[in-house]
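Colleague:
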Ligand code: SF4
Ligand code: SF4
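This is the structure in structure tokens:
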């Protein structure tokens, strides 16, 4: 009897989001069995401490991860198979706590090394729009993505990165950009000698403002910087697990581009990269859509 | 996968994108027999393009001593080992290309070098097995030599079917329609390093400081001014000539590249069996074993060697080879005029004229009773 009740609850959770997305019907998106509830907190949003008791109010969803096996290069070796996800909001911002097993923490990228990373993805088709493909969206059906990379967190914390971190004992006679006589001229030369910085590639940004990047996509290979950075994230690696909290403002104004509006339902999916397995780009574990709804604070 | 034609293996093959040749194809010929491994080309490139942070290890141009020199270590050995042996029959390659042999879930059969693999850019430099023990016996006088090595100068091949371009899941690598130069878009690249893994020649490099991949740009700012790239202009041995190559059926007698590659078949592609249709062509070294050269340059080796050995008696060949390294400009046409050879730009304007045979004075070894000590 108990089991049966549980199934009914699960069924309700799947059905709920379809009220919000006009096109979700019989041919709607494939869904993870259990939905995510973004519960309102009455106290401060616990954005820094994953052990904050406020997180106990957020119901945990265990998201099943699948290999990315659609776009080349495909992941052929299975990685971490589940990720635990919780979410809270305070009426202004939403916070997502993601935690998953990863024996080692990697935070540098070289020819033969990659960084650990995690991403959240949301449909960006509006409240009544069609649901995009959970794998990077589709042409005309964009998705919004927040990507957290441990390599960016390391940089944000002011630690050495790139060759300074990888090869601290290297010997180089001369870096031309360092030869500028004034700080201004050195800044100009630094750009001149670094094309990705000169053309504004966020991957190469000298100053990082967040350990996350806000992105959009309309299908594989189309991932693009969102042009505006509103999210932030912080991760802790402990006892063979990553716990990362990603925060993002809620969309409370009536602007059409919102992706997270209290009261409306939507979806979320996640992706995980394991640096020690040299995963990056499309070499990742990913989930299908998980229904999302907002809930008032628990009494 | 699309079906495309690769004239170097004389058959159609599978490639990730449909065949779309550029208006002109950047191409080059390196005469291996003339290279002295001075590395001036390497330094010319290094100081021009890769002196920044994250580029310390990068040599977009490198010169390695074959058979023991590699940059990165064993790049060609790995590619050949992965692919396995493939036969050639009447000039048609019977084996699989790197695209056709791709593993499940990948677009190209590639391998990812370790950072350390780049740490010895010319291991075994000037090294011939047991050379010192054997040289006293006069073995170095045999051609092909029993004990041998040769210098292989390498840049990006600006391939017709680039593996780097095929492998990039973001389409961040592109081939310029105007000249066929292959570039990595520095704005679009997100540092997935699939190109590094895919390029069998290992001519895309990851910049760990910038977080993006970077590669030889064919000195396109010079190409746009009808000038040859830096490593060509600075070549001490005058082994290099950059130009534009036509499809074999469109070959023009007066185009230096077409003449040497298609008409005389003197210059050969590097590892054509990999299937990329690379656009740097080599005049093979006459003193190395043919089996090794066959593996490295394909079945055209015998013919190329015979042609090169007889080149001194061939007025057009000797004239054209004399034009190498004589002008910083790109020669689109050439013409032998009496005992001179002239090079012309795209519009037909003359840009260089040199004697086919440099005048030679032989001075008497003795001046009276005094022997001459200098030889100049
Ligand atoms: S040589 Fe390598 S880097 Fe250059 S075009 Fe070919 S595949 Fe790309
Ligand atoms: S500059 Fe010319 S001769 Fe010297 S190593 Fe380079 S290719 Fe060879």
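Protein chains in written order, with my numbering: chain U, 524 to 822; chain X, -11 to 364.
Note that beta-carbon positions come from the ideal geometry of N, C-alpha and C, so glycine has one too.
Note that the structure is predicted; figures quoted are calculated from it, not measured.
Using beta carbons (cut-off 8 Å, strictly below), is residue 599 of chain U in contact with chain X?
Modeller: For this step, residue 599 of chain U is matched to residue 76 along the first chain. Cβ-Cβ to chain X under 8 Å: yes for residue 599 of chain U.
Colleague: From what residue to what residue does the beta strand (DSSP E) around residue 325 of chain X run?
Modeller: Sequence index remark: in the second chain, residue 325 of chain X carries index 337 (1-based). Its beta strand (DSSP E) spans residues 321 to 325.
Colleague: Quickly, what does DSSP pair residue 612 of chain U with across the bridge? List them, please.
Modeller: Position 89 of the first chain holds residue 612 of chain U. Residue 612 of chain U pairs with U:563 and U:617.
Colleague: Our contact map puts residue 742 of chain U next to residue 659 of chain U with C-beta atoms below 8 Å; I'd like the distance itself, whole angstroms only.
Modeller: For the purposes of this step, residue 742 of chain U is taken as residue 219 along the first chain, with counting starting at 1. For the purposes of this step, residue 659 of chain U is taken as residue 136 along the first chain, with counting starting at 1. Between residue 659 of chain U and residue 742 of chain U the Cβ distance is about 6 Å, and since that is below 8 Å, they are a contact.
Colleague: With a threshold of 16 other CB atoms inside 10 Å of the CB of residue 1 of chain X, please say whether the residue is buried or exposed.
Modeller: In the second chain, the residue the question calls residue 1 of chain X occupies position 13. Result: buried.
Colleague: What number of angstroms, rounded off, separates the C-alpha of residue -7 of chain X from the C-alpha of residue 787 of chain U?
Modeller: Stepping through the second chain from its first residue, residue -7 of chain X is reached at position 5. Stepping through the first chain from its first residue, residue 787 of chain U is reached at position 264. Rounded to the nearest angstrom, the two C-alpha atoms are 54 Å apart.
Colleague: For the region 184 to 196 of chain X, which residues have a beta carbon sitting closer than 9 Å to at least one beta carbon of chain U?
Modeller: Answer in chain order: 184, 185, 193, 194, 195 and 196.
Colleague: Beta carbons nearer than 9 Å to chain X: which residues of the region 798 to 818 of chain U have them?
Modeller: So the close ones are 801, 803, 804, 805 and 806.
Colleague: What are the boundary residues of the beta strand (DSSP E) that residue 162 of chain X is part of?
Modeller: As a working note, residue 162 of chain X is residue 174 in the second chain. 161 to 163 is the extent of the beta strand (DSSP E) around residue 162 of chain X.
Colleague: Around the C-beta of residue 361 of chain X, are 16 or more other C-beta atoms found within 10 angstroms, so that it is buried, or is it exposed?
Modeller: Within the second chain, the letter at position 373 stands for residue 361 of chain X. Flag for residue 361 of chain X reads exposed.
Colleague: Roughly how many whole angstroms lie between the Cα atoms of residue 712 of chain U and residue 817 of chain U?
Modeller: Looking up residue 712 of chain U in the first chain gives position 189. Looking up residue 817 of chain U in the first chain gives position 294. C-alpha separation (whole angstroms): 50 Å.
Colleague: Hey, how far is the Cα of residue 544 of chain U from the Cα of residue 194 of chain X?
Modeller: Along the first chain, one-based indexing puts residue 544 of chain U at 21. Along the second chain, one-based indexing puts residue 194 of chain X at 206. With a pLDDT of only 43 at residue 544 of chain U, under the threshold of 50, the placement of this residue in the model should not be trusted; the figure read from the coordinates follows. Spanning the two alpha carbons is a distance of roughly 43 Å.
Colleague: Taking residue 689 of chain U as the query, report the chain X residues whose CB atoms sit under 7 Å from its CB, ordered along the chain.
Modeller: On the first chain, position 166 is the one that residue 689 of chain U refers to. Result: 196.
Colleague: Output needed for residue 225 of chain X: all residues of its chain with C-beta closer than 6 Å, excluding positions within five of it in sequence on either side, in chain order.
Modeller: To locate residue 225 of chain X, count along the second chain from 1; it is residue 237. Once the five neighbours on either side are set aside, the close Cβ partners of residue 225 of chain X are 22, 23 and 24.
Colleague: Against residue 693 of chain U, what residues of chain X qualify as contacts under a CB-to-CB distance less than 8 Å, listed in chain order?
Modeller: For the purposes of this step, residue 693 of chain U is taken as residue 170 along the first chain, with counting starting at 1. In chain order: 44.
Colleague: Out of curiosity, what's the CA-to-CA distance linking residue 180 of chain X and residue 719 of chain U?
Modeller: Residue mapping note: residue 180 of chain X aligns to position 192 of the second chain, counting from 1. Residue mapping note: residue 719 of chain U aligns to position 196 of the first chain, counting from 1. Residue 180 of chain X and residue 719 of chain U: Cα-Cα distance of roughly 15 Å.
Colleague: Along chain X, in chain order, which residues have C-beta atoms closer than 8 Å to that of residue 633 of chain U?
Modeller: Taking the first chain and counting its residues from 1, one reaches residue 633 of chain U at position 110. Here the neighbours are 103, 194 and 196.
Colleague: Kindly give me the distance between the Cβ atoms of residue 14 of chain X and residue 168 of chain X, rounded to whole angstroms, as I take these residues to be in contact under 8 Å.
Modeller: The residue given as residue 14 of chain X occupies position 26 in the second chain. The residue given as residue 168 of chain X occupies position 180 in the second chain. Confirmed, Cβ separation roughly 5 Å.
Colleague: Report yes if the C-beta of residue 141 of chain X is less than 7 Å from at least one heavy atom of ligand 2; otherwise report no.
Modeller: Translated into the one-based positions of the second chain, residue 141 of chain X becomes position 153. At least one heavy atom of ligand 2 is nearer than 7 Å to the Cβ of residue 141 of chain X, so yes.
Colleague: Flag residue 39 of chain X as yes if its beta-carbon sits less than 8 Å from any beta-carbon of chain U, otherwise no.
Modeller: The residue you call residue 39 of chain X lines up with position 51 of the second chain. Taking Cβ atoms only, chain U reaches closer than 8 Å to residue 39 of chain X, which makes this a yes.
Colleague: How long is the line joining the alpha carbons of residue 293 of chain X and residue 271 of chain X, rounded to whole angstroms?
Modeller: Position 305 of the second chain, counting from 1, holds the residue named residue 293 of chain X. Position 283 of the second chain, counting from 1, holds the residue named residue 271 of chain X. C-alpha separation (whole angstroms): 8 Å.
Colleague: Measuring straight from C-alpha to C-alpha, what distance separates residue 338 of chain X and residue 332 of chain X?
Modeller: To locate residue 338 of chain X, count along the second chain from 1; it is residue 350. To locate residue 332 of chain X, count along the second chain from 1; it is residue 344. Each residue's Cα considered, the two are about 4 Å apart.
Colleague: Just the chain X side, please: which residues come within less than 8 Å of residue 596 of chain U by C-beta, in chain order?
Modeller: Sequence index remark: in the first chain, residue 596 of chain U carries index 73 (1-based). The contacting residues are 93, 94, 95, 155, 157 and 182.
Colleague: Counting only beta-carbon atoms, is residue 179 of chain X nearer than 8 Å to chain U?
Modeller: The sequence position of residue 179 of chain X within the second chain is 191, counting from 1. So, interface residue.
Colleague: Evaluate residue 549 of chain U with the Cβ neighbour count: other Cβ atoms within 10 Å of its Cβ, from every protein chain shown; 16 or more gives buried, anything less gives exposed.
Modeller: What you label residue 549 of chain U is simply residue 26 of the first chain in a count that begins at 1. Residue placement at residue 549 of chain U is flagged as unreliable, the pLDDT there being 37, under the threshold of 50; the coordinate-derived value follows with that caveat. With fewer than 16 other Cβ atoms within 10 Å, it is exposed.
Colleague: Measuring only the C-alpha atoms, how far is residue 812 of chain U from residue 583 of chain U?
Modeller: Stepping through the first chain from its first residue, residue 812 of chain U is reached at position 289. Stepping through the first chain from its first residue, residue 583 of chain U is reached at position 60. Straight-line Cα distance between these residues: approximately 16 Å.
Colleague: In the region 27 to 91 of chain X, which residue ranges form an unbroken alpha helix (DSSP H) of at least 4 residues, counting only runs that do not cross its ends?
Modeller: List check, alpha helix (DSSP H) in window: 28 to 37 and 63 to 71.
Colleague: Give me the Cβ distance between residue 756 of chain U and residue 769 of chain U, rounded to the nearest whole Å; I'm assuming they're in contact under 8 Å.
Modeller: Along the first chain, read from residue 1 onward, the residue named residue 756 of chain U stands at position 233. Along the first chain, read from residue 1 onward, the residue named residue 769 of chain U stands at position 246. The Cβ separation is near 4 Å, so the contact holds.
Colleague: Between residue 617 of chain U and residue 610 of chain U, which are expected to be in contact by the criterion C-beta below 8 Å, what is the C-beta distance as a whole number of angstroms?
Modeller: Here the question's residue 617 of chain U lines up with position 94 in the first chain. Here the question's residue 610 of chain U lines up with position 87 in the first chain. Indeed, because the Cβ distance is near 6 Å, the residues count as touching under 8 Å.
Colleague: Can you name, in chain order, every residue of its own chain whose Cβ lies under 8 Å from the Cβ of residue 591 of chain U, other than the five neighbours on each side?
Modeller: Taking the first chain and counting its residues from 1, one reaches residue 591 of chain U at position 68. So the qualifying residues of the chain are 597, 598, 658, 794, 805, 806, 807, 808 and 809.
Colleague: Inspect the beta-carbon positions of residue 85 of chain X and residue 233 of chain X and report whether they are closer than 8 Å.
Modeller: If you number the second chain from 1, residue 85 of chain X lands on position 97. If you number the second chain from 1, residue 233 of chain X lands on position 245. For residue 85 of chain X and residue 233 of chain X, no; Cβs fall outside 8 Å.
Colleague: Where DSSP assigns a beta bridge to residue 772 of chain U, which residues make up the other side?
Modeller: Here the question's residue 772 of chain U lines up with position 249 in the first chain. According to DSSP, which records beta bridges pairwise, residue 772 of chain U is partnered with U:616.
Colleague: Beta-carbon within less than 8 Å of residue 45 of chain X's beta-carbon, same chain only, minus the 5 sequence neighbours each way: which residues are those?
Modeller: As a first step, residue 45 of chain X must be located in the second chain, where it is residue number 57. Taken in chain order, the residues that qualify are 103, 106, 107 and 193.
Colleague: Between residue 659 of chain U and chain X, is there a C-beta pair that is closer than 8 Å?
Modeller: Counting from 1 along the first chain, the entry for residue 659 of chain U is found at position 136. Not one chain X Cβ lies under 8 Å of residue 659 of chain U.
Colleague: What are the uninterrupted segments assigned as beta strand (DSSP E) that are 3 or more residues long and contained completely in the region 667 to 721 of chain U, given in chain order?
Modeller: DSSP runs (the beta strand (DSSP E)) wholly in the region 667 to 721 of chain U: none.
Colleague: To which residues of the same chain is residue 593 of chain U closer than 7 Å at the C-beta, ignoring the five residues directly before and after it?
Modeller: Sequence index remark: in the first chain, residue 593 of chain U carries index 70 (1-based). So the list reads 658, once near-sequence residues are dropped.
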